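Notes to accompany the following structure.
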């Protein structure tokens, strides 16, 4: 069965990726902070120990990322998405059955890490790279919005369900809905690649085919640009992860109610969506270097502003500024496909995704520093300093040979389309 639409079917692939990623990341990651107080009280665990679940989850994702990156090159993407979505359903069911805090520390690294890696960034961005050359930056950016879309829509629903049915039923309700909607999209709309002649306005024969086999892991790790992107990406992710996981206890410590914290979460995620869309447009127009520098600056300014903020307005400005820096996920994909081409993209993207493990040690460390000192300022100042180092590193990024060839191919495609 093939769905026919008056627009390019590649945009349907983008929409599917947005929805599946939103469901996969929604309650488990974007709304994790809203469950902390209930879990801490019921399981008699300090918040800093509960947040370790996110760190262990990140380590699990880093282990799965290169594996999934390799599988993407060999197996149908629909199969990988299906495995991931079904795993999301099982993990949500298990979360509603928790009886002790230690079980939380197992479910996140063992179930959620595998399921989310199979259903989010690596297969999604790979699917988009197969459907787009022209407007690839924009397509990447819209696709990446799926990573934060749930953070815009889910928090008010989670807060409402928590008050009405409790935290256990909240997990079950979302789990059932996510699996149902995602499986319908995968089975009836998703396609691996465009049909012949279908995407003449968006794809061309990839210039990288003359390079032969995709680069090995060793070749990926030897590229200078790869490590520059890591130095920019890691501090930005550390700042975002530490702030969002600790958002509710952090903002309530500064006089903000739970309902206002949900609004701040929404502001952050709206800004993240804007940042991702803007980053994609900027990549298509200016290349990757300038947007990379801008995102490092925004992350530094955002986390530094939050460290000094008091009151809802100041916190909202800090959340919005830091949220804009989430555009780094678009730059991550754009830089990898620019450096390694479509064939090398899955492996390179899988390898660089392993660095999320390092970045996600920041949430429990920030929580621990707060428990020791009673304030968040010192930890956030450290994160701001690391973002400054990333800003300096971004100035050394240069477009490689593959990126120049792709830019030439895009110009050639645009000329052919106009003619």
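Residue numbers (my numbering): 1313 to 1731. Every residue, glycine too, gets a C-beta built ideally from N, C-alpha and C. All of these numbers come straight from a predicted model, not from anything done at the bench.
For residue i, name the three-state secondary structure that DSSP assigns.
i: residue 1394; result: helix
i: residue 1647; result: helix
i: residue 1456; result: helix
i: residue 1568; result: coil
i: residue 1317; result: coil
i: residue 1436; result: helix
i: residue 1689; result: helix
i: residue 1480; result: helix
i: residue 1667; result: coil
i: residue 1612; result: helix
i: residue 1372; result: helix
i: residue 1325; result: helix
i: residue 1655; result: helix
Closest to residue i by C-alpha separation, out of the options, would be which residue?
i: residue 1505; options: 1688, 1325, 1709, 1689; result: 1325
i: residue 1489; options: 1398, 1368, 1599; result: 1398
i: residue 1466; options: 1454, 1455, 1483; result: 1483
i: residue 1527; options: 1656, 1706, 1708, 1337; result: 1656
i: residue 1609; options: 1700, 1626, 1630; result: 1700
i: residue 1317; options: 1423, 1566, 1501; result: 1501
i: residue 1432; options: 1388, 1564, 1392; result: 1392
i: residue 1732; options: 1354, 1441, 1377; result: Past the boundaries of the shown model lies residue 1732; the chain is included only from 1313 to 1731, so the question cannot be answered.
i: residue 1321; options: 1601, 1440, 1377, 1678; result: 1440
i: residue 1625; options: 1573, 1698, 1601; result: 1573
i: residue 1678; options: 1333, 1361, 1341; result: 1361
i: residue 1795; options: 1540, 1599, 1666, 1568; result: Outside the modelled stretch of the chain, which goes from 1313 to 1731, sits residue 1795, for which no answer is possible.
i: residue 1302; options: 1621, 1709, 1438, 1707; result: The question about residue 1302 has no answer here: the residues shown for the chain are numbered 1313 through 1731.
Does the distance from the C-beta atom of residue i to that of residue j stay below 8 Å?
i: residue 1675; j: residue 1554; result: yes
i: residue 1532; j: residue 1694; result: no
i: residue 1659; j: residue 1396; result: no
i: residue 1646; j: residue 1579; result: no
i: residue 1351; j: residue 1409; result: no
i: residue 1461; j: residue 1585; result: yes
i: residue 1330; j: residue 1458; result: yes
i: residue 1456; j: residue 1641; result: yes
i: residue 1348; j: residue 1560; result: yes
i: residue 1627; j: residue 1576; result: yes
i: residue 1635; j: residue 1591; result: no
i: residue 1463; j: residue 1342; result: yes
Label residue i either buried or exposed according to how many other C-beta atoms from any shown protein chain fall within 10 Å of its C-beta, with 16 as the threshold for buried.
i: residue 1668; result: buried
i: residue 1650; result: buried
i: residue 1384; result: buried
i: residue 1480; result: exposed
i: residue 1293; result: Because residue 1293 is not part of the residues shown, which for the chain are 1313 to 1731, the question remains open.
i: residue 1346; result: buried
i: residue 1421; result: buried
i: residue 1603; result: buried
i: residue 1499; result: exposed
i: residue 1446; result: buried
Please report whether the beta-carbon of residue i lies at a distance below 8 Å from any beta-carbon of chain B.
i: residue 1665; result: No chain B appears in this structure, which consists of one protein chain only.
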